Amino acid sequence: MINGLFQTLAGFLGTISFAILFEVPRRYYVHCGVIGACGWFIYLVIMHFWVAPVAATFIASLVLIYLSREASFALKAPVTIFLICGIFCLVPGVGIYNFTYNFFIGDSIKAAQIGIQVLKIAIAIAVGITVGYELSPKFFYSYHKMKKIQYHE
Numbered sequence: 180m181i182n183g184l185f186q187t188l189a190g191f192l193g194t195i196s197f198a199i200l201f202e203v204p205r206r207y208y209v210h211c212g213v214i215g216a217c218g219w220f221i222y223l224v225i226m227h228f229w230v231a232p233v234a235a236t237f238i239a240s241l242v243l244i245y246l247s248r249e250a251s252f253a254l255k256a257p258v259t260i261f262l263i264c265g266i267f268c269l270v271p272g273v274g275i276y277n278f279t280y281n282f283f284i285g286d287s288i289k290a291a292q293i294g295i296q297v298l299k300i301a302i303a304i305a306v307g308i309t310v311g312y313e314l315s316p317k318f319f320y321s322y323h324k325m326k327k328i329q330y331h332e
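Under this note's numbering, the final residue of the sequence shown carries the number 332; numbering is consecutive throughout.
Structure below.
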C-alpha cells in the first residue's frame with residue numbers, strides 16, 4: 180500500500196519534471212503531474228490484481244488520453260501538453276535498457292525476449308492512444324456542457 184502511494188507520488192513528480200524539461204507552461208505543471216500519476220496508479224492497480232503488463236499499459240493509456248482530452252478542453256490547451264508528459268511513466272525505459280544491455284553483451288535469447296515484451300508495451304501505448312483519439316469529442320465535452328447548463332439555470 181505504502182509502496183503504491185510512493186510510486187504514485189514519484190509518478191506525479193516525474194511527470195512534472197518531464198513537463199519542465201519539455202517547457203510546458205507553468206500553469207499546467209500540476210495538471211500534467213496529476214494526469215501522469217493517475218495513469219501510473221491505474222497501471223499499478225491492474226498489475227496488483229492481474230499481472231499483465233501489456234493489458235495494464237493499454238488500459239492506463241486509455242485513462243491517460245481520456246484525462247488529457249478532458250484537461251485540454253477544460254483548460255483550453257493542446258491535448259499533447261498533457262498526453263506527452265503523462266505517458267512518460269508508462270514508457271518501458273528499463274526494458275529498453277535491459278534489451279540493449281543484453282544485446283551488447285551477446286545474450287541474444289534474453290535480448291529477444293525482453294525486446295518482444297518492450298515492443299508489446301510500446302504497441303499497447305500506441306493502440307491505447309489511438310483508440311482514445313478515435314472517441315467522439317462529444318464523449319469528452321458533454322460533461323462540461325452539462326456543467327454550463329446547470330450554472331446558467
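Built from N, CA and C at the ideal position, the CB exists for glycine as well. This structure is a prediction, so every number in the text was calculated from the model and none was measured.
Note to self: According to DSSP, simplified to helix, strand and coil, what is K255?
What the structure shows: To locate residue 255, count along the sequence shown from 1; it is residue 76. If DSSP states are grouped into helix, strand and coil, K255 belongs with coil.
Check: In the segment 274–313, which residue ranges form an unbroken alpha helix (DSSP H) of at least 4 residues, counting only runs that do not cross its ends?
Finding: Whole alpha helix (DSSP H) segments, 4+ residues: 287–313.
Margin query: To the nearest angstrom, how far is the alpha carbon of L200 from that of F228?
Written below: Position 21 of the sequence shown, counting from 1, holds the residue named residue 200. Position 49 of the sequence shown, counting from 1, holds the residue named residue 228. Those two C-alpha atoms are separated by around 34 Å.
Item checked: Nearest neighbour of Y207, chosen from Y222, F191, F220 [CA to CA] -> On the sequence shown, position 28 is the one that residue 207 refers to. Here the closest residue by C-alpha is F191.
Notebook entry, point to check: So what's P316 in DSSP terms, helix, strand or just coil?
Noted result: Position 137 of the sequence shown, counted from the start, is the residue given in the question as residue 316. Of the three classes helix, strand and coil, the one that applies to P316 here is helix, per DSSP.
Notebook entry, point to check: CB-CB under 7 Å to I244, same chain, minus the five flanking residues each way: which ones, in chain order?
Noted result: Position 65 of the sequence shown, counted from the start, is the residue given in the question as residue 244. Closer than 7 Å at Cβ, skipping near neighbours: L262, G307, I308, G311, Y312.
Note to self: Let me confirm a value: I304 is counted as buried when at least 16 other C-beta atoms fall within 10 Å, else exposed. Which label applies?
What the structure shows: Counting from 1 along the sequence shown, the entry for residue 304 is found at position 125. The residue in question, I304, is buried, as its Cβ has 16 or more Cβ neighbours within 10 Å.
Checklist line | Anticipated Cβ contact below 8 Å, C268 with G212, distance rounded | finding: Position 89 of the sequence shown, counting from 1, holds the residue named residue 268. Position 33 of the sequence shown, counting from 1, holds the residue named residue 212. Not really, about 10 Å apart at Cβ, beyond 8 Å.
Margin query: Any contact between the segment 220–238 and the segment 249–260? By contact I mean 3 or more CB pairs, one from each, below 8 Å.
Written below: The way I'd put it, the segment 220–238 doesn't touch the segment 249–260; fewer than three beta-carbon pairs between them come closer than 8 Å.
Check: Within this structure, are the beta carbons of P232 and I295 separated by less than 8 Å?
Finding: Against the sequence shown, residue 232 aligns to sequence position 53. Against the sequence shown, residue 295 aligns to sequence position 116. Against a cut-off of 8 Å, the Cβ pair of I295 and P232 comes out as no contact.
Next item on the list: Quick one: using the 10 Å Cβ neighbour count with 16 as the cut-off for buried, is Y291 buried or exposed?
Entry: To locate residue 291, count along the sequence shown from 1; it is residue 112. Residue 291 is actually Ala in this sequence, not Tyr. Exposed is the call here.
Margin query: Using CA atoms only, rank isn't needed, just tell me which of I284, Y276, S315, G285 is closest to L298.
Written below: As a working note, residue 298 is residue 119 in the sequence shown. Residue Y276 is the option with its Cα nearest to L298.
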